[in-house]
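Structure, as C-alpha coordinates:
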Amino acid sequence: MAKYEELKNGVIFPPGEKNVVTAEFFTGQSYLHLLINDPAISVGVATVTFEPMCRNNWHIHHGGFQLLLVTGGEGWYQEEGQPARFLKIGDVVTIYEGIKHWHGATKDSWFEHIAITSGTAEWLEAVSEESYLQLDKRGENDEKTNSRS
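Numbering (my numbering), first residue to last: 41 to 189.
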(Lines of atoms letter the chains of each structure in order from A; the text may use other names.)
(Lines give C-alpha, C1' and ligand atoms only; values in the text may rest on other atoms or scores of the structure.)
Protein backbone atom coordinates (compact mmCIF):
# COMPACT_ATOMS: atom_id res chain seq x y z
CA MET A 41 0.00 0.00 0.00
CA ALA A 42 1.28 3.48 -0.85
CA LYS A 43 2.00 5.95 1.92
CA TYR A 44 -0.62 8.57 2.64
CA GLU A 45 -3.24 6.68 0.62
CA GLU A 46 -5.90 8.38 2.76
CA LEU A 47 -5.22 11.52 0.69
CA LYS A 48 -7.39 10.06 -2.05
CA ASN A 49 -10.30 11.01 0.23
CA GLY A 50 -9.07 14.59 0.71
CA VAL A 51 -7.45 16.29 3.69
CA ILE A 52 -9.05 19.70 4.13
CA PHE A 53 -10.96 19.84 0.85
CA PRO A 54 -12.28 16.98 -1.28
CA PRO A 55 -9.72 15.63 -3.76
CA GLY A 56 -11.92 16.57 -6.68
CA GLU A 57 -12.45 14.79 -9.95
CA LYS A 58 -9.94 13.07 -12.17
CA ASN A 59 -8.00 15.82 -13.88
CA VAL A 60 -9.18 15.93 -17.48
CA VAL A 61 -8.51 19.63 -18.04
CA THR A 62 -4.70 19.32 -18.09
CA ALA A 63 -4.30 15.51 -18.01
CA GLU A 64 -2.23 15.56 -21.21
CA PHE A 65 0.47 17.46 -19.28
CA PHE A 66 0.74 14.90 -16.47
CA THR A 67 2.42 11.51 -16.17
CA GLY A 68 0.10 9.41 -14.00
CA GLN A 69 -3.25 10.25 -12.43
CA SER A 70 -4.02 13.55 -10.75
CA TYR A 71 -7.22 14.98 -9.29
CA LEU A 72 -8.33 18.60 -9.38
CA HIS A 73 -10.72 20.49 -7.09
CA LEU A 74 -11.21 24.14 -8.04
CA LEU A 75 -11.61 26.19 -4.87
CA ILE A 76 -11.90 29.55 -6.65
CA ASN A 77 -12.93 29.58 -10.28
CA ASP A 78 -14.30 33.07 -10.81
CA PRO A 79 -13.39 35.00 -13.98
CA ALA A 80 -13.70 38.26 -12.01
CA ILE A 81 -10.79 37.15 -9.79
CA SER A 82 -7.36 37.06 -11.42
CA VAL A 83 -6.03 34.25 -9.22
CA GLY A 84 -6.95 30.58 -9.49
CA VAL A 85 -6.95 28.41 -6.37
CA ALA A 86 -7.20 24.62 -6.54
CA THR A 87 -6.35 21.49 -4.62
CA VAL A 88 -4.27 19.12 -6.74
CA THR A 89 -3.89 15.50 -5.59
CA PHE A 90 -1.29 13.22 -7.19
CA GLU A 91 -1.25 9.42 -7.05
CA PRO A 92 2.20 7.88 -6.37
CA MET A 93 4.62 8.55 -9.27
CA CYS A 94 2.31 11.18 -10.78
CA ARG A 95 3.93 14.45 -11.80
CA ASN A 96 3.27 17.28 -14.17
CA ASN A 97 5.38 18.21 -17.17
CA TRP A 98 8.00 20.89 -17.07
CA HIS A 99 6.20 24.22 -17.37
CA ILE A 100 6.61 27.98 -17.07
CA HIS A 101 4.16 30.53 -15.67
CA HIS A 102 3.86 33.73 -17.71
CA GLY A 103 2.34 36.98 -16.50
CA GLY A 104 2.13 35.82 -12.90
CA PHE A 105 3.32 33.30 -10.35
CA GLN A 106 2.40 30.11 -8.53
CA LEU A 107 2.38 29.29 -4.83
CA LEU A 108 2.21 25.68 -3.63
CA LEU A 109 0.98 24.96 -0.09
CA VAL A 110 1.64 21.30 0.73
CA THR A 111 -1.32 19.83 2.61
CA GLY A 112 -0.44 16.13 2.60
CA GLY A 113 1.85 13.32 1.53
CA GLU A 114 5.31 13.54 0.03
CA GLY A 115 6.31 15.14 -3.23
CA TRP A 116 8.92 16.86 -5.36
CA TYR A 117 9.51 20.32 -6.75
CA GLN A 118 12.32 20.99 -9.20
CA GLU A 119 13.50 24.06 -11.08
CA GLU A 120 15.53 23.67 -14.24
CA GLY A 121 19.22 23.22 -13.48
CA GLN A 122 18.62 22.71 -9.74
CA PRO A 123 18.38 19.57 -7.60
CA ALA A 124 14.85 18.42 -6.81
CA ARG A 125 13.42 19.57 -3.48
CA PHE A 126 11.65 16.98 -1.31
CA LEU A 127 8.27 18.30 -0.11
CA LYS A 128 6.20 17.34 2.92
CA ILE A 129 3.14 18.67 4.71
CA GLY A 130 3.52 22.33 5.69
CA ASP A 131 6.08 23.19 3.00
CA VAL A 132 5.49 26.28 0.86
CA VAL A 133 6.96 26.80 -2.61
CA THR A 134 7.07 30.20 -4.33
CA ILE A 135 7.43 29.95 -8.11
CA TYR A 136 8.25 33.18 -9.89
CA GLU A 137 7.29 34.14 -13.42
CA GLY A 138 9.47 32.57 -16.10
CA ILE A 139 10.93 29.74 -13.97
CA LYS A 140 10.87 26.35 -15.72
CA HIS A 141 9.82 23.73 -13.16
CA TRP A 142 7.73 20.66 -12.35
CA HIS A 143 6.10 19.17 -9.24
CA GLY A 144 4.49 15.88 -8.26
CA ALA A 145 4.36 12.88 -5.93
CA THR A 146 7.20 10.65 -4.81
CA LYS A 147 7.40 7.07 -6.09
CA ASP A 148 5.67 5.58 -3.06
CA SER A 149 3.38 8.31 -1.70
CA TRP A 150 0.26 10.23 -2.55
CA PHE A 151 0.81 14.01 -2.58
CA GLU A 152 -1.53 16.97 -2.26
CA HIS A 153 -1.05 20.72 -2.46
CA ILE A 154 -3.10 23.84 -2.84
CA ALA A 155 -1.99 25.75 -5.93
CA ILE A 156 -2.52 29.50 -6.06
CA THR A 157 -1.83 30.62 -9.60
CA SER A 158 -1.81 33.90 -11.48
CA GLY A 159 -1.11 34.20 -15.19
CA THR A 160 -0.93 31.38 -17.72
CA ALA A 161 1.09 28.18 -17.93
CA GLU A 162 3.21 27.18 -20.91
CA TRP A 163 3.34 23.38 -20.84
CA LEU A 164 6.58 21.77 -22.01
CA GLU A 165 8.12 18.29 -22.17
CA ALA A 166 7.45 15.50 -19.68
CA VAL A 167 9.92 14.80 -16.88
CA SER A 168 11.90 11.80 -18.10
CA GLU A 169 11.22 8.49 -16.39
CA GLU A 170 14.97 7.97 -15.93
CA SER A 171 15.43 11.32 -14.21
CA TYR A 172 12.35 10.86 -12.00
CA LEU A 173 13.29 7.34 -10.88
CA GLN A 174 16.75 8.54 -9.79
CA LEU A 175 15.31 10.93 -7.19
CA ASP A 176 15.63 10.03 -3.54
CA LYS A 177 14.16 11.74 -0.49
CA ARG A 178 17.22 13.91 0.03
CA GLY A 179 16.39 15.54 -3.29
CA GLU A 180 19.71 14.50 -4.69
CA ASN A 181 20.27 13.53 -8.27
CA ASP A 182 23.31 13.76 -10.46
CA GLU A 183 24.05 16.48 -13.01
CA LYS A 184 22.76 14.27 -15.82
CA THR A 185 19.37 14.13 -14.10
CA ASN A 186 19.13 17.91 -14.01
CA SER A 187 19.75 18.34 -17.71
CA ARG A 188 17.23 17.40 -20.34
CA SER A 189 17.66 16.99 -24.05
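We treat Cβ as the ideally placed atom computed from N, Cα and C, and that holds for glycine.
Which residue wins for smallest C-alpha separation from residue i, given the options the options?
i, options, result
"L109", "T160, H101, G121, V88", "V88"
"E165", "K140, P55, N59", "K140"
"E46", "V85, G115, E152", "E152"
"G84", "W98, D176, G104", "G104"
"I81", "W142, Q122, G159", "G159"
Would you say residue i faces chain B, with C-beta separation under 8 Å as the test?
i, result
"K147", "Note that chain B does not occur in the displayed structure, where there is just one protein chain."
DSSP beta-bridge partners for residue i?
i, result
"H89", "This sequence places Thr at residue 89; His is not what is there. According to DSSP, T89 bridges with Y71, E152."
"T134", "L107"
"E57", "L72"
Mind checking whether residue i and residue j have CB atoms under 8 Å apart?
i, j, result
"C94", "G68", "yes"
"F53", "W150", "no"
"D148", "A42", "yes"
"E137", "H99", "no"
"I156", "Q106", "yes"
"Y44", "N59", "no"
"N97", "H143", "no"
Given a threshold of 16 other Cβ atoms within 10 Å of its Cβ, counted over all protein chains shown, does residue i qualify as buried or as exposed?
i, result
"L173", "exposed"
"Q118", "buried"
"T111", "buried"
"G115", "buried"
"K184", "Here the model assigns K184 a pLDDT of 36, short of 50, so the residue's position is not dependable and the matter cannot be decided."
"V167", "buried"
"N49", "exposed"
"P79", "exposed"
"A145", "buried"
**Message:** I'd like the ranges of any beta strand (DSSP E) spanning at least 3 consecutive residues and lying wholly in the segment 79-123.
**Reply:** Restricting attention to beta strand (DSSP E) runs no shorter than 3 residues, the segment 79-123 encloses them at 83-90, 99-119, ordered along the chain.
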